[in-house]
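Chains as they are written, first to last, in my numbering: chain Z, 1 to 104; chain E, 1001 to 1417. Report on one structure; see the data block that follows.
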Ligand SMILES: Cc1cc2nc3c(=O)[nH]c(=O)nc-3n(C[C@H](O)[C@H](O)[C@H](O)COP(=O)(O)OP(=O)(O)OC[C@H]3O[C@@H](n4cnc5c(N)ncnc54)[C@H](O)[C@@H]3O)c2cc1C
Ligand SMILES: [Zn+2]
């Protein structure tokens, strides 16, 4: 079981308290009925599914109940960092280096 | 290929079993092939076999990053059934079901297909109605499935507790008699041997690291850890790694990769005659020919390529098994493992041409593609050979995620496997 740091509670808690909520930083089109089928497919169905550094949403279900974002390495499952929802996406290269360090 | 037969066994018995030839070779990759298949699981090896057998294309390489059959093919709980709800799925899975019968003869390799029956339990009124609807839909599509009363279910599977005071009482069951199990490794090995016999090169310990495209976008070959290998047609059959490979060709996929775990008990004498699954309690179980109870979990909650998963997922699964079969509560579990399964939004696979000329993909089988191995390989070979899908796999295209013409077994499925 993983230990996950909730950025709102500022505490590391067991995975059982959390729900994985899919890829992060996907923007819902503001005027969704005007977009093409192609654009809808991209928004709704296509996913990065990276092997390595992934950006994802988590929810502290059995805690504060809030959604936040996380950077996790999908090979080691290690959390590189977590951050509050709405914050910009952290830089990839730096994080990849960081996740390599923690993997060793 | 020297055929396996009772005479071969007798001859080798006399010679101390020193004359058995290798089942497949380990050739150096050639510079150029007509077709490259990425991934030596059952679906990839089968595709190569049917390309050679039915389409006369034998200049094929199957490129595998690890060892053949070491992916989900060698990690699954081997349940075979074809009682899916939608017409498209009925066509695809039942095509495979018909091929299981006779596959051992076709490959001259015992894949140990055992039609011991797959029983799906109903524990409440909702389950009963759902199962009956499923049965009717299946029978309209020519797919075997029948309703059993609790007493009939107990007769078919004696360890079942049909007491109506049980926490999850059995109110009946759907039974597919032709469902059952097969030996997963033997499926990979049988296809590998039969494909090798027809001239296919299986190149193990060779990871594909790039897909090369020409100026007009068409596929030219693959970069690998053992150098560039050319081919005008490339089929990606890489299960959990399909997103990673398709990304190499610049195609973003509607896939997410999750851990899926299973475990087996210590071996015991025959106690469990068929496959039983319960969607409501969320557990399924069968007994292997070695005597182990084979138990599968649901996927872990987060995407991962770790080929491992959380312990709490396994204990949760065992809770459900013990709830249904208290007689197994003292059994010792021997080992557990995980695979990486590629899940589509509608839980149906993708067997299709791609936007890249010469690139084909067979993926998205998620938690339940072993059962489809022969059928999938057969129609995918057709798709590659003709540069057009077979009627059976035509609906399983990528475009369905644009048009909305989904094959939504996610909503319909009686159970995942
Ligand atoms: C625990 C578990 C239980 C399951 N239970 C069932 C069940 O009861 N019934 C059922 O029908 N299905 C079940 N499944 C699903 C089933 O195992 C799969 O759908 C099926 O085996 C997929 O076969 P495949 O040949 O497509 O993939 P695989 O056998 O995974 O083959 C893909 C191959 O591609 C290779 N590869 C990946 N990346 C590269 C690369 N870059 N270069 C070269 N090669 C690469 C991999 O090493 C792998 O060998 C289960 C799966 C798991 C994990
Ligand atoms: Zn919190």
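Beta carbons are placed, not taken as given, at the ideal position from N, Cα and C, and that holds for glycine.
Considering only residues of the stretch 1178-1204 of chain E, which uninterrupted beta strand (DSSP E) runs meet the minimum length of 3 residues and lie entirely inside it, listed in chain order? 1201-1203, all fully within the stretch 1178-1204 of chain E.
Which residues bound the beta strand (DSSP E) around residue 1093 of chain E? Unbroken run through residue 1093 of chain E is the alpha helix (DSSP H), 1087-1100; no beta strand (DSSP E).
Nearest candidate by alpha-carbon position, reference residue 1274 of chain E, set E:1291, E:1140, E:1340: Of the candidates E:1291, E:1140, E:1340, the one whose C-alpha sits nearest the C-alpha of residue 1274 of chain E is E:1291.
Using three-state DSSP, classify residue 1133 of chain E as helix, strand or coil. The answer is helix: DSSP assigns residue 1133 of chain E an H, G or I state.
Alpha helix (DSSP H) segment containing residue 1011 of chain E, residue limits: Run containing residue 1011 of chain E: 1006-1014, per the alpha helix (DSSP H) assignment.
Any heavy atom of ligand 1 closer than 8 Å to the beta-carbon of residue 1287 of chain E? No, ligand 1 has no heavy atom inside 8 Å of this Cβ.
Among the residues of its own chain, which have a CB less than 7 Å from the CB of residue 1021 of chain E, if the five just before and after it don't count? The answer, listed in chain order, is 1002.
Taking DSSP as the reference, what is the three-state secondary structure of residue 1278 of chain E? If DSSP states are grouped into helix, strand and coil, residue 1278 of chain E belongs with the strands.
Kindly indicate which three-state DSSP category residue 7 of chain Z falls into: helix, strand or coil? Residue 7 of chain Z falls in the coil class under three-state DSSP.
What is the DSSP secondary structure of residue 1402 of chain E, reduced to helix, strand or coil? Helix at residue 1402 of chain E.
Extent of the continuous alpha helix (DSSP H) run through residue 1363 of chain E: Taken as a continuous stretch (DSSP letters only), residue 1363 of chain E belongs to no alpha helix (DSSP H), being part of the beta strand (DSSP E) at 1359-1363.
Using beta carbons (cut-off 9 Å, strictly below), is residue 37 of chain Z in contact with chain E? So yes, residue 37 of chain Z belongs to the interface.
Can you say whether residue 1054 of chain E is buried or exposed, counting buried as having 16 or more other CB atoms within 10 angstroms of its CB? By the C-beta density criterion, residue 1054 of chain E is exposed, having fewer than 16 other C-beta atoms within 10 angstroms.
At which residue ranges does the stretch 1106-1160 of chain E contain complete alpha helix (DSSP H) runs of 4 or more residues, listed in the order of the chain? You should have 1125-1140, 1150-1156.
I need the DSSP call for residue 1414 of chain E, collapsed to helix, strand or coil. Only weak support exists for where residue 1414 of chain E lies, its pLDDT of 45 falling under 50; the coordinates are left without a value.
By alpha-carbon positions, which one of E:1057, E:1248, E:1013 ends up nearest to residue 49 of chain Z? If we check each option's Cα against that of residue 49 of chain Z, E:1248 comes out closest.
For residue 1338 of chain E versus residue 1075 of chain E, is the C-beta distance shorter than 9 Å? One thing to note: residue 1338 of chain E has its Cβ within 9 Å of the Cβ of residue 1075 of chain E.
Between residue 12 of chain Z and ligand 3, is the CB less than 8 Å from at least one heavy atom? Of the ligands this structure carries, namely ligand 1 and ligand 2, none is ligand 3.
Separation of residue 1185 of chain E from residue 1097 of chain E, as counted between CA atoms: Going by C-alpha positions, residue 1097 of chain E is about 18 Å away from residue 1185 of chain E.
Considering only their Cβ atoms, is the gap separating residue 1393 of chain E from residue 1382 of chain E smaller than 9 Å? Yes, they are a contact pair.
Would you identify the three-state DSSP class for residue 1163 of chain E, choosing helix, strand or coil? Coil, per DSSP.
Closer than 9 Å, Cβ to Cβ, to anything on chain Z: give me those residues from the stretch 1144-1173 of chain E, in chain order. Here the close residues number zero.
Check: residue 1301 of chain E C-beta below 8 Å from any heavy atom of ligand 1: No, ligand 1 has no heavy atom inside 8 Å of this Cβ.
Would residue 34 of chain Z pass as an interface residue toward chain E - the criterion being a Cβ-Cβ separation below 9 Å? Cβ-Cβ to chain E under 9 Å: no for residue 34 of chain Z.
Suppose the cutoff is 7 Å on Cβ atoms and the five residues either side in sequence are ignored; what does the same chain contact list for residue 1269 of chain E look like? Residues of the same chain with a CB within less than 7 Å of the CB of residue 1269 of chain E, apart from the 5 flanking positions on each side, are 1291 in chain order.
Any heavy atom of ligand 1 inside 8 Å of the beta-carbon of residue 1237 of chain E? For ligand 1, at least one heavy atom lies less than 8 Å from the Cβ of residue 1237 of chain E.
Answer yes or no: does any C-beta atom of chain Z fall closer than 9 Å to that of residue 1397 of chain E? So, not an interface residue.
Any non-hydrogen atom of ligand 2 within 8 Å of residue 1126 of chain E CB: False, no ligand heavy atom lies under 8 Å from that Cβ.
Can you confirm whether the stretch 1225-1235 of chain E touches the stretch 1075-1094 of chain E when touching is taken to mean that 3 or more C-beta pairs between the two stretches lie within less than 8 Å? The answer is no - the stretch 1225-1235 of chain E does not touch the stretch 1075-1094 of chain E, with fewer than three Cβ pairs under 8 Å.
Is residue 20 of chain Z near ligand 2, with its Cβ less than 8 Å from a heavy atom? Residue 20 of chain Z: no, Cβ never under 8 Å from ligand 2.
Considering only residues of the same chain and omitting the five flanking positions on each side of residue 1210 of chain E, which have a CB-CB separation below 6 Å? The answer, listed in chain order, is 1223, 1248.
Span separating the alpha-carbon of residue 1353 of chain E from that of residue 1236 of chain E: Cα atoms of residue 1353 of chain E and residue 1236 of chain E: separation of roughly 10 Å, rounded to the nearest angstrom.
Min CB distance residue 40 of chain Z to chain E below 9 Å: Chain E, which has a Cβ nearer than 9 Å to the Cβ of residue 40 of chain Z, makes this yes.
For residue 1389 of chain E, collect the residues of the same chain with a Cβ closer than 6 Å to its Cβ; drop the 5 residues on either side in sequence, then sort them by chain order. Same-chain partners within the cutoff: 1383.
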